[in-house]
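J.:
There are 4 protein chains.
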Amino acid sequence: MTKGRLEAFSDGVIAILITIMVIELNIARGTPGDAAHDYRALLGIGHQFFAYVLSFAYLGIYWNNHHHMLHAADRVSAGILWANLHLLFWLSLVPATTAWMGETSFAPWPIATYSAVLLCAACAYTILQAAIIRAHGPESRLRTAVGNDRKGKVSLLAYTIAIPMAFVSPVVAGVLLVGVALLWLIPDRRIERVLEG
Amino acid sequence: MTKGRLEAFSDGVIAILITIMVIELNIARGTPGDAAHDYRALLGIGHQFFAYVLSFAYLGIYWNNHHHMLHAADRVSAGILWANLHLLFWLSLVPATTAWMGETSFAPWPIATYSAVLLCAACAYTILQAAIIRAHGPESRLRTAVGNDRKGKVSLLAYTIAIPMAFVSPVVAGVLLVGVALLWLIPDRRIERVLEG
Amino acid sequence: MTKGRLEAFSDGVIAILITIMVIELNIARGTPGDAAHDYRALLGIGHQFFAYVLSFAYLGIYWNNHHHMLHAADRVSAGILWANLHLLFWLSLVPATTAWMGETSFAPWPIATYSAVLLCAACAYTILQAAIIRAHGPESRLRTAVGNDRKGKVSLLAYTIAIPMAFVSPVVAGVLLVGVALLWLIPDRRIERVLEG
Amino acid sequence: MTKGRLEAFSDGVIAILITIMVIELNIARGTPGDAAHDYRALLGIGHQFFAYVLSFAYLGIYWNNHHHMLHAADRVSAGILWANLHLLFWLSLVPATTAWMGETSFAPWPIATYSAVLLCAACAYTILQAAIIRAHGPESRLRTAVGNDRKGKVSLLAYTIAIPMAFVSPVVAGVLLVGVALLWLIPDRRIERVLEG
């Protein structure tokens, strides 16, 4: 019961965050005159579109992993509810920073801010994971499934490097962010394997 | 459980996409002065309104067919989760292209882009359908229900023709898009029949 | 199962429609300069606020009655799915017409358009009700609960009168619309009574 | 069933209200020229961001407490449905007043209006709580859990003081609002304790 409502609320928030970014994708707005009617309008939102695809992937990954993680949970404590809200707070800053990156054609400060938001979201996810494991004891299925959480640690490191790197080379920072997304697009089979085993 | 959350998330995204298009329906914005207070404001959003009705129908059709398709599924794999997110990604581009068509009074490039988005969404739907069938084996109910998928193939063909046709005759392209919508407004009775039989 | 997803999707759409109207409630936008910082900004959105309250009440009423009606339904056919989407289409036009009424300080054309949208929504609701009753047979609980549907008929009449009346006396048209809302704020006890009996 | 749909609808509305506030967080909008590309754009939305964090916390608290309260309820009457809609109405005014506070850098009138909306929401919550207790009888678990509702009474008092205080000292009013949020961020353990006991 409680778990179902936590999932439903999280699904709702993530679904709305994904689709709210669509409002920013105003094709004709950035291109004046006749150009707003043809392919030049599409070219004009190229940066916004790329930023949208990246954030869609990230929010999709969070939904997917959240889904798997909650699947391994049997009960929900007050601490888990707050840890979940804390994660949703950082995810809720993704649309605003995505729009900023797109509008400024990936300027250093927006990339660094975006990376910092992803870093905070990743920390919040780790805290939520720890809260669920704590509530289920050291022998819990999730504990076994997560293991040493190498992927999680690599992501935290990549976000941390991307923040200063945005001012040195925005391209390298961008490659780091895309790389982490690709790393996670392979779903968390660890949990699936343990659940089935 | 897993299936329920997949359905809930998809429902949420589609519901928000449908209603986000409503924000664009700003009746008084396009008409200046006193005309914003009477029937001329309504006439001024005629194109936007027609584009909205078409996209409402398409998203309604996707929700309906998605609903029937998932009803025939018993379990959900990681591949199905990603195939579903992929479908939602293309559907999420419908509001932006709908607004572009409406604002430009159905110019060639917006119609072609809209058709391309529908084509990609239809391909993503076919991929999702294949993933569900693969997860359930060749004897699955969905496999039997889908049959040779004539309606799906006709739709893919119509979208493909509509893309170049938008530059030759926007009206013919529009008729193709409306035609496919009407074709699908008759719900997928094949699945219903097999499920009941 | 099927019924659950129909309810969830309808709840999602109605919840989003209600909250989308909030975006229009931009307190400081309509008032320039220093006045945007004090009570004059609140006075400046008086019409918008009143229009919002009315539409919040109407959408709340639809959610409530939809809830009761579906509660009395045991199964859902393809026809019911489409009749439900048809209802949601008309409800989705409520935010745009609400905003138009508010911006024009209740000019005749916006009031008439709003009344027409409510009339179409009420017809769509009646069609959905008939589809559910047809699917359950003449002895169905919903059939008994609805009875001769006096409240529904009075509402249809009031909306129909409000359309031309908006051009004669906007105040009388407004009173009619508020009156119907008050009539329905008393929930549909008929259904509750039959269900409990 | 009925309770599930009430929870789902409330979750949907609260999730959308939280995320709708994100639309206002337009980082680059308030800062002209080159400054829109660097840290000055972030400084420029400092007030909006603080107002957003406060309202995110408040809506999160309402979701959390609503969750606990409904958990203790066994059945839902028509009166509870309306009391719940009444609560959602006042919560729906949070985004508009949050945006107003942020845009005016916490001017007296916006703070007073925001406090008044929170006061009305708190009253609506108390009414909903009373409706649920009434429906379950004086021996109900919720009745025992709520006890003398000291936290609720302190909150009502703080909101009431914050309204006039906004004109005397906006800072003190702000401290009151932040204080109540912190008071509630400790979840309602009373209910949890009684439910488990």
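Chain order of the listed sequences is A, B, C and D. Quick note, the first sequence lines up with residues 1060 to 1256 if you use my numbering. Quick note, the second sequence lines up with residues 1060 to 1256 if you use my numbering. Quick note, the third sequence lines up with residues 1060 to 1256 if you use my numbering. Quick note, the fourth sequence lines up with residues 1060 to 1256 if you use my numbering. Backbone N, C-alpha and C define an ideal beta-carbon position, used for all residues, glycine too. Predicted, not measured: the structure shown is a model, and the values here were computed from it.
#1: Spatial neighbours of leucine 1076 (chain C) within its chain, please: C-beta separation below 7 Å, excluding the five flanking residues on both sides.
#2: Who are the neighbours of alanine 1175 (chain D) on chain A, taking C-beta pairs under 9 Å?
#3: Return the chain-ordered ranges of every alpha helix (DSSP H) run that is complete within the stretch 1166–1212 of chain C and spans a minimum of 4 residues.
#4: Quick one: does threonine 1163 (chain A) have its CB under 9 Å from some CB of chain D?
#5: Just mark isoleucine 1104 (chain D) as buried or exposed, buried being the case when its beta carbon has 16 or more other beta carbons within 10 Å.
#6: Using a 10 Å radius around the Cβ and a threshold of 16 neighbouring Cβ atoms, would you call tyrosine 1098 (chain D) buried or exposed?
#7: Taking only beta-carbon atoms, is phenylalanine 1148 (chain B) less than 9 Å away from chain A?
#8: Any beta-carbon of chain C closer than 9 Å to the one on leucine 1152 (chain D)?
#9: Counting only Cβ pairs nearer than 9 Å, list the residues of chain B close to phenylalanine 1115 (chain A).
#10: Does the separation of the CB atoms of leucine 1236 (chain A) and isoleucine 1170 (chain A) fall below 9 Å?
#11: Shortest alpha-carbon distance to isoleucine 1139 (chain A) belongs to which of A:Leu1113, A:Thr1203, A:Lys1062?
#12: Helix or strand or just coil, what does DSSP make of leucine 1135 (chain C)?
#13: Cβ of leucine 1129 (chain B) within 9 Å of Cβ of glutamate 1066 (chain B)?
#14: Give me the Cα-Cα distance between tryptophan 1159 (chain A) and phenylalanine 1148 (chain B), rounded to the nearest whole angstrom.
#15: Alpha carbon to alpha carbon, how far is isoleucine 1197 (chain D) from isoleucine 1220 (chain D)?
#16: State yes or no: is the C-beta of alanine 1232 (chain B) within less than 9 Å of the C-beta of alanine 1225 (chain B)?
#17: Give me the chain D residues within the contact set of tryptophan 1122 (chain C), using Cβ-Cβ distance strictly less than 7 Å, ordered along the chain.
#18: Can the beta-carbon of alanine 1087 (chain D) be found closer than 9 Å to that of tryptophan 1122 (chain D)?
#19: Cα-Cα, which of B:Phe1165, B:His1126, B:Trp1141, B:Ile1191 is closest to arginine 1134 (chain B)?
#20: At a CB-CB cut-off below 8 Å, which residues of chain A make contact with aspartate 1208 (chain D)?
#21: Please list, in chain order, the chain F residues whose beta carbon lies closer than 7 Å to that of arginine 1064 (chain B).
#22: Can you tell me the Cα-Cα spacing of methionine 1060 (chain A) and valine 1081 (chain D), whole angstroms?
#23: Since isoleucine 1082 (chain C) meets chain B, which of its residues come closer than 8 Å, beta carbon to beta carbon?
#24: DSSP on alanine 1087 (chain A), reduced to helix/strand/coil?
#25: Between the Cα of glycine 1211 (chain C) and those of C:Trp1243, C:His1195, C:Ala1116, C:Arg1193, spot the shortest distance and give me the residue it belongs to.
#26: At a Cβ cut of 8 Å, what residues of the stretch 1088–1101 of chain D count as close to chain A, listed as they run along the chain?
#27: Nearest-angstrom Cα distance between alanine 1218 (chain A) and tryptophan 1168 (chain D)?
#28: Pull up the distance between the alpha-carbon of serine 1069 (chain B) and that of histidine 1127 (chain B), whole angstroms please.
#29: If we count the other Cβ atoms within 10 Å of its Cβ and call it buried at 16 or more, is glycine 1161 (chain D) buried or exposed?
#30: Buried or exposed: leucine 1102 (chain C), going by 16 or more other Cβ atoms within 10 Å of its Cβ?
#31: Just confirm the distance between the C-beta atoms of alanine 1180 (chain B) and isoleucine 1222 (chain B), as a whole number of angstroms; I'd bet it's less than 8 Å.
#32: Would you check if the distance between the CB atom of asparagine 1124 (chain D) and the CB atom of tyrosine 1173 (chain D) is smaller than 9 Å?
#33: Does any residue of chain B have a CB that is nearer than 9 Å to the CB of alanine 1131 (chain A)?
#34: What distance in whole Å lies between the Cβ atoms of alanine 1131 (chain C) and alanine 1204 (chain C), which are believed to be in contact at a cut-off of 8 Å?
#35: Following the continuous alpha helix (DSSP H) through histidine 1096 (chain A), name the residue where it begins and the one where it ends.
#36: Indicate whether at least one CB of chain D lies closer than 9 Å to the CB of methionine 1060 (chain A).
T.: Taking the geometry as given:
#1: For the purposes of this step, residue 1076 (chain C) is taken as residue 17 along the third sequence, with counting starting at 1. The answer, listed in chain order, is Leu1118, Leu1150, Ser1151, Val1153, Pro1154.
#2: Along the fourth sequence, read from residue 1 onward, the residue named residue 1175 (chain D) stands at position 116. Near alanine 1175 (chain D) there are no residues of chain A at all, since even the closest Cβ is about 25 Å away, more than 9 Å.
#3: 1167–1195, 1200–1205
#4: Locating residue 1163 (chain A) in the first sequence gives position 104, where the first residue counts as 1. The beta carbon of threonine 1163 (chain A) falls within 9 Å of a beta carbon belonging to chain D, placing the residue at that interface.
#5: Sequence index remark: in the fourth sequence, residue 1104 (chain D) carries index 45 (1-based). With 16 or more other Cβ atoms within 10 Å, it is buried.
#6: For this step, residue 1098 (chain D) is matched to residue 39 along the fourth sequence. Exposed is the call here.
#7: For this step, residue 1148 (chain B) is matched to residue 89 along the second sequence. At least one chain A Cβ lies under 9 Å of phenylalanine 1148 (chain B).
#8: As a working note, residue 1152 (chain D) is residue 93 in the fourth sequence. Leucine 1152 (chain D) counts as touching chain C.
#9: For the purposes of this step, residue 1115 (chain A) is taken as the residue at position 56 of the first sequence. Correct list: Leu1144, Leu1147, Phe1148, Ser1151.
#10: For the purposes of this step, residue 1236 (chain A) is taken as the residue at position 177 of the first sequence. For the purposes of this step, residue 1170 (chain A) is taken as the residue at position 111 of the first sequence. Cβ atoms of leucine 1236 (chain A) and isoleucine 1170 (chain A): closer than 9 Å.
#11: What you label residue 1139 (chain A) is simply residue 80 of the first sequence in a count that begins at 1. Among A:Leu1113, A:Thr1203, A:Lys1062, the Cα nearest to that of isoleucine 1139 (chain A) belongs to A:Lys1062.
#12: Residue numbering aside, residue 1135 (chain C) sits at position 76 when the third sequence is read from its first letter. Position check: residue 1135 (chain C) holds valine in this sequence, whereas leucine was assumed. When DSSP states are grouped into helix, strand and coil, valine 1135 (chain C) belongs to the coil group.
#13: For this step, residue 1129 (chain B) is matched to residue 70 along the second sequence. For this step, residue 1066 (chain B) is matched to residue 7 along the second sequence. Result yes, Cβ atoms of leucine 1129 (chain B) and glutamate 1066 (chain B) sit closer than 9 Å.
#14: In the first sequence, the residue the question calls residue 1159 (chain A) occupies position 100. In the second sequence, the residue the question calls residue 1148 (chain B) occupies position 89. Answer to the nearest angstrom: the Cα atoms are 21 Å apart.
#15: If you number the fourth sequence from 1, residue 1197 (chain D) lands on position 138. If you number the fourth sequence from 1, residue 1220 (chain D) lands on position 161. Checking the sequence, you will find proline at residue 1197 (chain D) rather than isoleucine. Going from the Cα of proline 1197 (chain D) to the Cα of isoleucine 1220 (chain D) covers about 32 Å.
#16: Stepping through the second sequence from its first residue, residue 1232 (chain B) is reached at position 173. Stepping through the second sequence from its first residue, residue 1225 (chain B) is reached at position 166. In this structure, alanine 1225 (chain B) lies closer than 9 Å to alanine 1232 (chain B) by Cβ.
#17: As a first step, residue 1122 (chain C) must be located in the third sequence, where it is residue number 63. Within 7 Å Cβ-Cβ: Phe1068.
#18: Locating residue 1087 (chain D) in the fourth sequence gives position 28, where the first residue counts as 1. Locating residue 1122 (chain D) in the fourth sequence gives position 63, where the first residue counts as 1. Not closer than 9 Å, so no.
#19: Walking along the second sequence from the start, residue 1134 (chain B) turns up at place 75. Ranking the options by Cα distance to arginine 1134 (chain B), first place goes to B:Ile1191.
#20: As a working note, residue 1208 (chain D) is residue 149 in the fourth sequence. At a C-beta separation below 8 Å, aspartate 1208 (chain D) has no neighbours in chain A, since its nearest C-beta there lies roughly 18 Å away.
#21: In the structure shown, chain F does not exist; the protein chains are A, B, C and D.
#22: Counting from 1 along the first sequence, the entry for residue 1060 (chain A) is found at position 1. Counting from 1 along the fourth sequence, the entry for residue 1081 (chain D) is found at position 22. Residue placement at methionine 1060 (chain A) is flagged as unreliable, the pLDDT there being 49, under the threshold of 50; the coordinate-derived value follows with that caveat. Their backbone Cα atoms lie some 29 Å apart in a straight line.
#23: Within the third sequence, residue 1082 (chain C) is the residue found at index 23, counting from 1. Correct list: Ile1082.
#24: For the purposes of this step, residue 1087 (chain A) is taken as residue 28 along the first sequence, with counting starting at 1. In this structure, alanine 1087 (chain A) counts as coil in the three-state DSSP scheme.
#25: Locating residue 1211 (chain C) in the third sequence gives position 152, where the first residue counts as 1. Measuring from the Cα of glycine 1211 (chain C), the nearest candidate turns out to be C:Trp1243.
#26: Per Cβ criterion, the list reads Ala1095, His1096, Asp1097, Tyr1098, Ala1100, Leu1101.
#27: Residue mapping note: residue 1218 (chain A) aligns to position 159 of the first sequence, counting from 1. Residue mapping note: residue 1168 (chain D) aligns to position 109 of the fourth sequence, counting from 1. A quick correction: the sequence has tyrosine, not alanine, at residue 1218 (chain A). Between tyrosine 1218 (chain A) and tryptophan 1168 (chain D), the C-alpha separation is close to 41 Å.
#28: Position 10 of the second sequence holds residue 1069 (chain B). Position 68 of the second sequence holds residue 1127 (chain B). One C-alpha to the other measures close to 13 Å.
#29: Your numbering for residue 1161 (chain D) matches position 102 in the fourth sequence. The residue is buried, with at least 16 neighbouring Cβ atoms inside 10 Å.
#30: Translated into positions along the third sequence, residue 1102 (chain C) becomes position 43. Under this definition leucine 1102 (chain C) is an exposed residue.
#31: One-based indexing of the second sequence puts residue 1180 (chain B) at position 121. One-based indexing of the second sequence puts residue 1222 (chain B) at position 163. So it is not a contact: roughly 14 Å between Cβ atoms.
#32: Numbered from its first residue, the fourth sequence carries residue 1124 (chain D) at position 65. Numbered from its first residue, the fourth sequence carries residue 1173 (chain D) at position 114. Going by C-beta atoms, asparagine 1124 (chain D) is not nearer than 9 Å to tyrosine 1173 (chain D).
#33: Here the question's residue 1131 (chain A) lines up with position 72 in the first sequence. No - not a single Cβ of chain B is within 9 Å of the one on alanine 1131 (chain A).
#34: Position 145 of the third sequence, counting from 1, holds the residue named residue 1204 (chain C). Position 72 of the third sequence, counting from 1, holds the residue named residue 1131 (chain C). With a beta-carbon spacing of about 6 Å, alanine 1204 (chain C) and alanine 1131 (chain C) fall inside the 8 Å limit used to define contacts.
#35: In the first sequence, the residue the question calls residue 1096 (chain A) occupies position 37. Segment: none, histidine 1096 (chain A) is in no alpha helix (DSSP H) and carries neither H nor E.
#36: Along the first sequence, read from residue 1 onward, the residue named residue 1060 (chain A) stands at position 1. Note that methionine 1060 (chain A) has pLDDT 49, beneath the 50 cutoff, so the model's placement of it is unreliable and the number below is only indicative. So, interface residue.
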